[in-house]
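Counting from 1, position 102 in the sequence shown corresponds to residue 102 in the UniProt record's numbering; the numbering is continuous, with no gaps.
For glycine and all other residues, C-beta sits at the position ideal for the given N, C-alpha and C.
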Amino acid sequence: MEIDKAIRDSDDRRLKTKYKNAIYIIQRALALYSIEEVAFSFNGGKDSTVLLHMLRAGYYLHQVEQGRSNEGLFDGEFTFPIRTIYFETPSVFPEINSFTYETSASYGVQLDIIREDFKSGLEALLNSKPIKAIFLGVRIGDPTAVGQEQFSPSSPGWPPFMRVNPILDWSYRDVWAFLLTCRVQYCGLYDQGYTSIGSINDTVPNALLCINDSAVGKQNFKPAYMLSDGRLERAGRVRKLSPVSGRLPAASNGLKSVEPHQENVFTASIVAVGDEILFGTVADQLGPSLCRKLHSIGWVISQIAIVRSEADSVAEEVERLKSMSDLVFTYGGVGPLHSDVTVRGVAKAFGVRLAPDEESEEYLSHLFGDKCTGDRNEMAQLPEGITELLQHEKLRVPLIKCHNVIVLNATNVDELDQQWDALMDSRSTNLLPSSGPFVSKHLTTSFSDLEVAQPLSKISIEFPDVYTGCYRKSRAGPLTITLEGKDRKTVEAAMEALSKKLSSGVE
Ligand SMILES: Cc1cc2nc3c(=O)[nH]c(=O)nc-3n(C[C@H](O)[C@H](O)[C@H](O)COP(=O)(O)O)c2cc1C
Ligand SMILES: Nc1ncnc2c1ncn2[C@@H]1O[C@H](COP(=O)(O)OP(=O)(O)OP(=O)(O)O)[C@@H](O)[C@H]1O
Ligand SMILES: [Mg+2]
């Protein structure tokens with residue numbers, strides 16, 4: 001069987017292990033369910049193409065194991081024995097559609113075409129056929145994989161069946177290693193910069209593979225297997241839009257950037273992790289420095305929370321703040337010590353488990369050699385399916401980003417400066433709000449708080465977009481008033497109005 005042979009002949013040990021484990025899952029499924037009780041959900045995407053060939057190999061090995069003759073198993077007349085379903089939609093890429101049909105014809109796959117939505121289609125299928133388990137090409141990192149195992153019952157609200165995910169733990173790189181090692185055909189769109197394919201309304205080539213040919217003013221794309229950071233395979237998926245005629249322009253890069261909760265107001269919060277800060281034995285310098293940095297580029301910092309070095313405390317605070325803020329930064333509690341609980345806490349806040357991360361393992365073994373490898377490498381365990389590593393030449397190790405939570409690992413202000421510079425450069429963080437930085441005006445006065453209170457509250461009513469704040473160094477000393485906003489003219493007008501009110505006495 002050519003797939004099994006290609007993997008056996010390969011010297012890619014990692015691929016061999018992934019293959020072996022996936023074959024094991026397929027064989028378990030074929031032992032648990034009869035051939036009439038299983039189905040394969042095939043859509044011509046790269047992951048389901050991998051699965052098609054894994055199922056061909058798995059079925060072959062299953063037959064051999066059962067002592068059945070394998071002669072003629074893959075002859076020209078051979079019909080792939082697993083019922084294969086394809087949900088065909090009007091918004092499918094034509095290239096994907098024709099690949100699905102052509103590949104099925106080449107491998108003796110008889111397609112059941114379903115033209116309903118997933119749920120209704122599955123309901124009708126399960127009512128008419130004895131299907132109990134469906135093979136899917138879902139992988140960790142897919143948004144729908146969160147919480148799934150290799151065998152996962154369908155979710156509540158879905159018709160009852162077992163979802164079987166043989167390649168759940170495969171990385172982007174594993175997928176390409178398999179397709180290229182086995183030299184099987186895949187949909188041509190993957191050679192044109194598409195790295196994960198949804199519908200024509202929500203998918204563009206991945207901007208990270210773009211080669212700008214300025215001579216002819218044209219954009220070209222490298223093939224999908226050249227994407228170096230597999231976490232960004234969905235960077236070509238853009239937000240769901242209402243159907244448009246034709247395809248989206250390749251220029252929209254679809255990279256997740258931060259979007260404000262309210263128009264123009266970007267809010268960040270900070271979680272500092274460390275018993276020492278709470279004991280008062282260490283003075284926290286990172287929090288104030290991070291506040292200054294964020295504020296200087298126009299962010300509103302809504303809160304700094306200091307929590308104990310316990311995963312549950314981190315999880316509780318991150319869970320609360322991630323839904324209130326556009327970005328959450330954590331610092332402290334990152335490393336191999338028992339008190340280094342931040343990453344575990346972040347995973348818990350998102351309801352996912354920690355799983356070994358090959359990219360992170362590579363970085364750490366490069367840095368620490370044998371001291372930090374294999375199962376003992378706790379630091380390479382990252383929140384499963386939601387982690388993006390932010391790499392930069394200024395960083396010794398990449399920063400961890402889980403959706404809108406950024407885990408800083410700085411232990412002092414110099415390190416924070418470096419990490420900040422890297423974040424400012426990073427395309428996937430996009431820290432600079434489009435509304436620009438704040439404009440501030442300060443006024444120092446010897447008026448008492450009582451004299452200032454009324455004019456100031458009038459200003460805050462007259463200029464709702466302007467922040468008004470007061471600060472004094474001592475009870476007896478002068479009072480500094482700050483007016484701040486995004487629009488220079490409005491802030492200047494507010495300051496002029498305030499000065500007038502103060503010089504003309506209280507109204
Ligand atoms: C055969 C099959 C079974 C599915 N079972 C479930 C399920 O049990 N629970 C669920 O939430 N979604 C299920 N889905 C939907 C997928 O999780 C996902 O929403 C779908 O692939 C659409 O992905 P998209 O939103 O990226 O287009 C199933 C899809 C297919 C094709
Ligand atoms: N329209 C569909 N018809 C049948 N199965 C589908 C369909 N859409 C998704 N699936 C199933 O869900 C799995 C996951 O879909 P997903 O889009 O993540 O992967 P893919 O299409 O195989 O690859 P890619 O990530 O490159 O798009 C598929 O491998 C397939 O098993
Ligand atoms: Mg797809």
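For K441, the uninterrupted beta strand (DSSP E) run begins and ends at V439 to T445, by DSSP. Restricted to the region 388-443, the beta strand (DSSP E) segments that are unbroken, complete and at least 3 residues in length are 399-402 and 405-407, listed in chain order. Scanning its chain for C-beta atoms nearer than 7 Å, with the 5 sequence neighbours on each side dropped, one finds around I400 the residues V343, L382, T387, L389 and V407, in chain order. Between V318 and A355, the C-beta gap is not smaller than 9 Å, which leaves the two residues out of contact. Taking the Cβ of S154 as the reference point, at least one heavy atom of ligand 1 falls within a distance shorter than 8 Å.
Around Y172, the same chain offers G230 and E233 as residues with beta carbons nearer than 6 Å, after the five sequence neighbours per side are excluded. Judged by DSSP secondary structure, V175 falls within the alpha helix (DSSP H) whose first and last residues are Y172 to T181.
Taking L327 as reference, the option from S309, V334, I270 and E359 with the minimal CA-CA separation is I270. Comparing alpha-carbon positions, the option among E88, I3, A133 and L15 lying closest to F40 turns out to be A133. Its chain contains L189, I197 and I200 as the residues whose beta carbon lies nearer than 7 Å to that of F93, once the 5 sequence neighbours on both sides are disregarded; these appear in chain order. Remark: three or more beta-carbon pairs, one from each stretch, lie closer than 8 Å, so the region 19-37 and the region 130-146 are flagged as touching. Apart from the 5 residues on each side of it in sequence, E95 sits with its Cβ closer than 7 Å to the Cβ of C187, G188 and L189 in its chain, given in chain order.
Between R139 and W176 the beta-carbon gap is near 12 Å, outside 8 Å, which marks them as no contact. By the 16-neighbour rule on beta-carbons within 10 angstroms, T103 is buried. Within the chosen limit of 8 Å, ligand 1 reaches the beta carbon of I134 through at least one heavy atom. Leaving aside the five residues that flank F118 on each side, the residues in its chain whose CB is nearer than 7 Å to its CB run, in chain order, F87. The continuous alpha helix (DSSP H) containing P288 extends over residues L286 to S296. Across the set L432, K441 and Y471, the C-alpha of Y471 shows the shortest separation from the C-alpha of S448. Contact check for I306 against G287 passes: the beta carbons are separated by less than 9 Å.
Boundaries of the beta strand (DSSP E) around L354: L354 to P356.
For the pair D417 and L431, the Cα-to-Cα distance works out to about 15 Å. If you compare the alpha carbons of R163, K16 and G485 with that of C182, the shortest gap goes to K16. Collapsing the DSSP output to three states places Q185 in coil. Rounded to the nearest angstrom, the gap between the Cα atoms of V397 and A22 is 31 Å. Using a Cβ distance threshold of 9 Å, I26 and V164 count as a contacting pair.
When secondary structure is reduced to three states using DSSP, A311 falls in the helix class. Taken through DSSP and simplified to helix, strand or coil, R83 comes out as strand. Note on geometry: alpha-carbon atoms of S360 and A380 lie some 5 Å from one another.
G469: member of the beta strand (DSSP E) spanning Y467 to R472, first to last residue.
Annotation: R68 is outside any alpha helix (DSSP H) and is labelled neither H nor E by DSSP. With contacts defined as CB atoms closer than 9 Å, V300 and F266 qualify as a contacting pair. Within the same chain, and ignoring the five residues on either side of G332 in sequence, the residues whose Cβ sits closer than 6 Å to its Cβ are A272, V273 and G274.
Residues of the same chain with a CB within less than 7 Å of the CB of A347, apart from the 5 flanking positions on each side, are R353, L354 and P383 in chain order. Just so you know, the alpha carbons of T468 and T429 end up roughly 30 Å apart. The beta carbon of R163 sits closer than 8 Å to at least one heavy atom of ligand 1. Cβ neighbours of P223 within its own chain (closer than 7 Å, five residues either side excluded): Y190 and D191.
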